[in-house]
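> To convert, note that position 299 of the sequence shown is 298 in numbering that gives the first Met the number 0; the numbers rise steadily by one, no gaps.
We put the CB at the ideal spot given by N, CA and C, even for glycine.
The structure presented is a predicted model; accordingly, all values stated were derived computationally and were not measured.
My questions all concern the structure below.
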Amino acid sequence: MMTSKPAEKGSATTSTTAPAAGSTSGSAPRDGAILIDGKRLSEEIRAKLAERVQQVKASGRSVRLDAVLVGDDNSAGIYAENQAKACQVIGIEYIRHQLPASSSFDTIANLIQSLNADDRVCGLMVHLPLPEGVDAERIQSLIAPEKDVEGMNPANIGNVVYGRRSLVPCTALATLEMIEWTKTTLRGAHCVIVGASNIVGKPIAVLLMRAEATVVSCNKYTRELGPLTRAADILISAAGVPNLIRADMVKPGAVVIDVGINRIKGSDGKPHTVGDVAFDEVSRIAGYLSPVPGGVGPMTVVMLLRNTVEAACRG
Ligand code: NAD
């Protein structure tokens, strides 16, 4: 078991094993937040998943993820390459289906239907963006719920609400996994989520409600975020706005999960990736804080792998 380092004044502290359990409610201000290291946590989960993949294969089942890409979007291509590598490392077969940018709705839909019907395919996902005029939500809804490893099918979202066993959107799973790592008691905790998209903010809210937390969902029309976020034992930001969450918006000792991924120009003139949380100042007041990069991002990738293994086990 790895141990947590003592807090360093004024900066977040790295730790791979959750420190003392318990609710953050009412806890005293700390000298520095404990870092929720998504990269290291994801590596631990990945190692366990690799063992699970071997077990599933030994039982004669395939473990395979199929990804559909349409057109030549650079970011989607890089994301797909990283996925392929991540799958390969733990023994998941990865098949990429590349369609031309000129593909129609029907062409993409036909490919999805044929992959739905193919027993060798365990997990199936469609990379965004899709060509202009092709409704991404409609395409994603065509993925069979039992293969829908990104949890985009309305049937899976419905199952999340009802608390039934289903494939849950990966970023929401990642966020919950990171909160659980802190051993913070969810029942009765006051949770505030900034950002309410269908794929990130809303599923996180539902999972927290299922854990019997008190949940406040904020969006860009929310008046006065500060008084709401300052009351949060657990604060999650998934808005896509750099520096949205400042130190004076955070309750001392709170768990802060930064889901945002924003590309900004740094003081050195070079592009940098940052989250929604003003990291340096919030790390002085929060109890736990996830960094960007190296926080929710790598955890989301590993949750996709976990959903694929889960889909394979059910198949
Ligand atoms: P989205 O644009 O679909 O939704 C953004 C949400 O934030 C909306 O509900 C909007 O009303 C709200 N919002 C925007 N500005 C706000 C403000 N000033 N105050 C309060 N609420 C505000 O985005 P999304 O797809 O949900 O992604 C959100 C962020 O999370 C983005 O930065 C995205 O890159 C990131 N993201 C990260 C991961 C990951 O793996 N870490 C995965 C998915 C998305």
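Of all the beta strand (DSSP E) runs that stay within the bounds of the segment 219-248, which reach a length of 3 or more residues?
The segment 219-248 contains these whole beta strand (DSSP E) runs: 233-236.
> Considering only the beta carbon of each residue, do P144 and A171 sit closer than 7 Å?
Along the sequence shown, one-based indexing puts residue 144 at 145. Along the sequence shown, one-based indexing puts residue 171 at 172. No, they are not a contact pair.
> Could you check whether the Cβ of D76 sits closer than 6 Å to any heavy atom belonging to the ligand NAD?
One-based indexing of the sequence shown puts residue 76 at position 77. Note on residue identity: the sequence assigns Gly, not Asp, to residue 76. Incorrect: G76 has no Cβ contact closer than 6 Å to the ligand NAD.
> Measure the Cβ-Cβ separation of T299 and A173 and say whether it is below 7 Å.
For the purposes of this step, residue 299 is taken as residue 300 along the sequence shown, with counting starting at 1. For the purposes of this step, residue 173 is taken as residue 174 along the sequence shown, with counting starting at 1. Yes, the pair counts as a contact, with Cβ atoms nearer than the cut-off.
> With distance defined between alpha-carbon atoms, name the residue in A75, I89 and V254 nearest to L48.
Taking the sequence shown and counting its residues from 1, one reaches residue 48 at position 49. Nearest C-alpha to L48: I89.
> According to DSSP, simplified to helix, strand and coil, what is C121?
In the sequence shown, the residue the question calls residue 121 occupies position 122. Of the three classes helix, strand and coil, the one that applies to C121 here is coil, per DSSP.
> Mark R116 as exposed unless 16 or more other C-beta atoms lie within 10 angstroms of its C-beta, in which case mark it buried.
Position 117 of the sequence shown, counted from the first residue, corresponds to residue 116. Here residue 116 turns out to be Ala, not Arg, going by the sequence shown. Classification for A116: exposed.
> Which runs of the alpha helix (DSSP H) at least 4 residues long sit entirely within the segment 48-111? Give them in chain order.
List check, alpha helix (DSSP H) in window: 73-89.
> For Y287, which of L68, R39 and K182 has the nearest alpha-carbon?
Along the sequence shown, read from residue 1 onward, the residue named residue 287 stands at position 288. Residue K182 is the option with its Cα nearest to Y287.
> If you draw a straight line from the alpha carbon of P292 to that of I192, how long is it in whole angstroms?
In the sequence shown, counting from the first residue as 1, residue 292 sits at position 293. In the sequence shown, counting from the first residue as 1, residue 192 sits at position 193. The straight-line gap from Cα to Cα measures roughly 19 Å.
> If you follow the alpha helix (DSSP H) that L34 is in, where does it begin and where does it stop?
Against the sequence shown, residue 34 aligns to sequence position 35. That residue, L34, is in no alpha helix (DSSP H); its beta strand (DSSP E) goes I33 to I35.
> By the three-class DSSP mapping on this structure, what secondary structure does N197 have?
Counting from 1 along the sequence shown, the entry for residue 197 is found at position 198. The answer is coil: DSSP assigns N197 none of H, G, I, E or B.
> Going by DSSP in three states, N261 sits in which element: helix, strand or coil?
For this step, residue 261 is matched to residue 262 along the sequence shown. Of the three classes helix, strand and coil, the one that applies to N261 here is strand, per DSSP.
> Tell me whether C190, by its Cβ, gets closer than 6 Å to a heavy atom of the ligand NAD.
Numbered from 1 along the sequence shown, position 191 holds the residue referred to as residue 190. Outside the cutoff, so no.
> Considering just the uninterrupted stretch of the alpha helix (DSSP H) at T174, what are its terminal residues?
In the sequence shown, residue 174 corresponds to position 175, counting from 1. Start and end: C169 to W180.
> What is the DSSP secondary structure of I192, counted as helix, strand or coil?
The residue labelled residue 192 in the question sits at position 193 within the sequence shown. Correct three-state label for I192: strand.
> Closer than 6 Å to a non-hydrogen atom of the ligand NAD - does that hold for the CB of N242?
Translated into the one-based positions of the sequence shown, residue 242 becomes position 243. Outside the cutoff, so no.
> Alpha carbons only, please: which of K219, V249, I178 and V159 is nearest the one belonging to V240?
Position 241 of the sequence shown, counted from the first residue, corresponds to residue 240. Residue K219 is the option with its Cα nearest to V240.
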